[in-house]
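In the numbering used here, the protein residues as written are 1377 to 2609. Cβ atoms here follow ideal geometry from the backbone N, Cα and C, with glycine treated the same way. Here's the structure we're looking at; comments come further down.
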């Protein structure tokens, strides 16, 4: 896929969190901006079928029109995608990530050159390309360019075209900055004049005066700080692999491990390591983890006058010799060294410290001894220190047992943990593989750091990537808790995904932590699996937790006003009204979102001030604050501005003075009228993202802007005449309709998933979004009409809370798991216009009551919707329908009581009166007492049924039976068949074919049998023994029904598809993947032929419905088979983040086998016939006249004279006797004159 975008100068990057006016203005360019790959039309000939309906278990359906469409559920493992909208409105993934995308902006240089779309988040890869938190995406080529050099996560971006700069904020380290940095033009990373912030940045916007405003959870400028007591963390050498070269052979002095945890400086056997006489050598340590040492401490040996004179320190695996500084014991002056660092031979010098000039990461080091005192070199002790405060899950990597600290770092574990190699990670780590019932007690690791001093810390949890250990498919979420002070007031709990492809870290806490105490309190962080995940097997990992002491200038509180035009930073924060506004917030406040409208900067978050709570505005021109009607009574987490309308999401229920009812977690503020308005009655949970989107609502050629809300909520609240709607954390508000998209009638699309951010003004038009979405072009529950595109029936079926998923229709019925619409029919007799839908669902009846499981839609009575009432139990499921005359027979797993008689498995209704017939078929029993197929014998009143039952009424009638409407009783069709029937079809008036799992004549297993009413006996269908399993669905393969298509489940569990051509069975030659469920088959004629195949005519395709797992594609709810390949036809979505399924396609007429590609209207046929008839008559008259003239000419006729003057003369020339002489004689010829 390619995003074809033309470059043009852009006025200014969108204001943070979207500008809806610009978004709507770009609507006409949307379809042209992004190019997708269309698929060939299906070319189905529907002209002879009348009305068509599609029944299934879905809440949204789409025709398969583009290769980028699919039925995949949205990701729930924390990974997201860069998304674009197809021309039909559905979402498609452009690139995928292993975590979240938090923000995006279009980076266009001042000269109009577009650099690409900057993407920021907490991901570690984009489309498998390692990208730590930020990358550049080229919409024209789909190329991804990682912006290397940043470690952590990006929360906010602002692309400033006028300054050729991208401002980046988040929780990260890069160069000498923390949490804020800039990317300049084509040069790359540039430190801002300040060292970043002492807390994370959440949002960035640009004010009308050109200043850049940062919002977040910080209290001052500044970078991370070293502890007041540096080099306080000792690196554990005792767990390292120690090697050496040229060690002495003297017993007790040859082991290089002698000097580990040896700090008393006493030489001797077992305490000193020596080199061979007169030899150089080295001492090396290799670790299972990485570190950045700050200080090396060495004890020189004085054994027998020996000692090390010079050495060098080499970091491995880099191989670099490190510069160090030290205090010269001889002079008392500071000195530096590189390759020849000296050690004193003075016995009064206990040890010497060498400080590393540069921080260099390593997991191994070597000390090379080049010169020595006496006969050879050696060492009497070694220690290595660092500033980084870490607690490792593997205790061997924490402080050694010989550490003199009373609060040395450690970890405690519970559960089935094992050690995993470091591979591409920075250290080895623990892995727990869990299955069964997984709770927080299944496994845990508690990290206990060695904090020397109290203060504000940033706490980061480090997680190894899943690609290296091939656990991505089983990685899930972990719950992280922490106790940061002895009072218990400073604690936290959060959950994190561990699905990152590469190593990452997440900030899990920012704030005050009390120092470790020898007399009791220890700060702690505990990691455990999050309960309630959908994975059957979960892999969790634990590596380390890092604690970074934060130092800052202070004076800020969540807001910072940065003037990029001033080269020297002004630390007088009171000179800015924005900084003053932040300082007025209460302690512990946080800013989560910023938006700019003209001169107004709007601030949202979790804060209180003297004038407002949680949302406030400040005019940068007049420096006046706007209280926004006092603010809201809860935290604001996201905002989006549309002109004067500010859409807000968060955790609140009203304004500060409780003046607006229904303001539940979402609302809109009119900045011109200074008033809040509820969006319906809001949603029932937290909202975390507000993102604009384009949707076709009233005109498919004019998409309009809507507002999407994503968060942790499960319902759109009821309001007015609108009932509550179950959702999965995603809702769409339509401003033009003043209602939620999910409440609108008509052919509107369906969406579900997560949207975190979007760009509305890509150069050249079009939009990009971030998140994970499923979508459908038509929102409908269970049934739609079908023509050139899908439409809606005039009925409102409520969304089911569960779906039958990929369980087959028969298995679902027997287990009670069927949901949705399973079958349907049309009835048109006597000027009635009924649509009948059956299944397991609840619809809204015309009189305001609920109609369950079988409904009649009366098109001749304003589409009135009626059900069966209370006589049929609500847990019944209708599977099959058949109409004979005015009678409807409906079968399934049905229970009830009609006319004081119990019914089971089947009922009958009079469609003229829409009431139960006075006489009901006696119920079936045995097996599952379920009827799955009903077929009426042609030109008769005999209703044949198949299913799982043993008796019908009092009659033993296993698997297949028929009800005679004239006698109102059951009859057994033959006595030589028993078993379970799945499907029926009449191939002629005198032959019924039944598919199922039968036994014929009490002995022979039979998958497909045929019945002759004349002989009243069953026989095996020709060649049925070649079928690999019971037939579950079948359909006619030709107009005369001498050919059949069948499908079922083979003995090995696979799905088979075969055709009987009138003389032999043939396999389709292609297979569907495991997990496939086939619910129906139907041959359709085509308007345009495909290539010839051996198994299908060129003007036919086979339609399959169900949940079809197609090779190289995935699942589809309907697909067409052209004799060689499967092409998806319809895709569905369902509640619970699952794909839907289609049960069957039902039609008004059954003329599926057309003899030509097109048909003329009857009037045109009559006119053409009349014209042909007149032309033939005219030709016959002309031909007759011509033949008569020719005959006369042959017989000698001449034209009679016409001149009047000659008549008298002629009579005088013929004598009278000659005139009458020939009378009575034959005609000899022409008269003689």
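Quick check on DSSP: helix, strand or coil for residue i?
i            : result
residue 2459 : strand
residue 2073 : coil
residue 2559 : helix
residue 1433 : strand
residue 2011 : strand
residue 2340 : strand
residue 2248 : strand
residue 2068 : strand
residue 2552 : helix
residue 1424 : coil
residue 2486 : strand
residue 1539 : helix
residue 1405 : Only weak support exists for where residue 1405 lies, its pLDDT of 31 falling under 50; the coordinates are left without a value.
residue 1826 : coil
residue 1890 : coil
residue 1671 : strand
residue 2400 : helix
Exposed or buried, which one is residue i when buried takes at least 16 other CB atoms within 10 Å?
i            : result
residue 1400 : Because the pLDDT of residue 1400 is 34, which lies under 50, any placement of that residue in the model is unreliable, and the number read from its coordinates should be weighed accordingly. Per the 10 Å Cβ criterion, buried.
residue 1869 : exposed
residue 2192 : Caution applies to residue 2192, whose pLDDT of 47 falls short of 50 and renders its modelled position unreliable; the model cannot decide the point.
residue 1858 : buried
residue 2420 : buried
residue 1886 : buried
residue 2041 : buried
residue 1947 : exposed
residue 2035 : exposed
residue 2318 : buried
Our contact map puts residue i next to residue j with C-beta atoms below 8 Å; I'd like the distance itself, whole angstroms only.
i            : j            : result
residue 1932 : residue 1595 : 6 Å
residue 1900 : residue 1822 : 5 Å
residue 1585 : residue 1573 : The pair is not a contact, with the Cβ atoms about 21 Å apart (cut-off 8 Å).
residue 1689 : residue 1703 : Not quite, the Cβ-Cβ distance comes to about 17 Å (not below 8 Å), so this is no contact.
residue 1994 : residue 1957 : 6 Å
Closest to residue i by CA distance: which of the options is it?
i            : options                   : result
residue 1707 : 1696, 1716, 1700 and 1720 : 1720
residue 2343 : 2366, 2316 and 2353       : 2316
residue 1512 : 1480, 1532 and 1531       : 1480
residue 1966 : 1975, 1526 and 1979       : 1979
residue 1767 : 1838, 1912, 1444 and 2309 : 1838
residue 2146 : 1716, 1652 and 1456       : 1456
residue 2299 : 2135, 2309 and 2345       : 2345
residue 2434 : 2400, 2464, 1629 and 2427 : 2400
residue 2240 : 1544, 2222, 2111 and 2250 : 2222
residue 1770 : 1851, 1917, 1745 and 2131 : 1917
Would you say residue i reaches chain C, if we count a Cβ-Cβ gap shorter than 8 Å as a contact?
i            : result
residue 1868 : Of the protein chains in the structure, only one exists, and it is not chain C.
Could you check whether the Cβ of residue i sits closer than 7 Å to any heavy atom belonging to the ligand MG?
i            : result
residue 2491 : Absent from the structure shown: the ligand MG. Ligands present: none.
Should the segment 2050–2063 be called in touch with the segment 2081–2092, which here means at least 3 C-beta pairs below 8 Å? yes
Tell me whether the segment 1879–1895 and the segment 1810–1822 touch, counting them as touching only if at least three CB pairs, one residue from each stretch, are closer than 8 Å. no
If contact is defined by three or more beta carbon pairs under 8 Å, each pair taking one atom from either stretch, is the segment 2119–2134 in contact with the segment 2150–2170? Contact holds: three or more Cβ-Cβ distances are below 8 Å.
Please confirm if the segment 2271–2279 is in contact with the segment 2321–2335, defined as three or more CB-CB distances below 8 Å between the two stretches. Output reads no: the segment 2321–2335 does not touch the segment 2271–2279.
Does the contact criterion of 3 or more C-beta pairs under 8 Å hold for the segment 1780–1799 versus the segment 1670–1686? no
Across the segment 1436–1454 and the segment 2505–2522, are there enough close Cβ pairs to call them in contact, namely three or more that are closer than 8 Å? Contact between the segment 1436–1454 and the segment 2505–2522 is present: 3 or more CB-CB pairs across the two stretches fall below 8 Å.
Do the segment 1847–1863 and the segment 1903–1923 touch if we need at least three Cβ pairs shorter than 8 Å? yes
Evaluate contact between the segment 1714–1733 and the segment 1651–1665, counting only Cβ atoms and requiring at least three cross-stretch pairs below 8 Å. Contact between the segment 1714–1733 and the segment 1651–1665 is absent, because fewer than three Cβ pairs lie under 8 Å.
Touch test, the segment 2477–2489 against the segment 2446–2456, Cβ-Cβ under 8 Å, three pairs minimum: Contact holds: three or more Cβ-Cβ distances are below 8 Å.
For the 8 Å Cβ check, are there 3 or more pairs between the segment 1799–1807 and the segment 1540–1547? no
So does the segment 2516–2524 actually touch the segment 2192–2207, counting three or more Cβ pairs closer than 8 Å? yes
Are three or more beta carbon pairs between the segment 1823–1833 and the segment 1864–1880 nearer than 8 Å? Judged by Cβ distances under 8 Å, the segment 1823–1833 makes no contact with the segment 1864–1880, as fewer than three pairs qualify.
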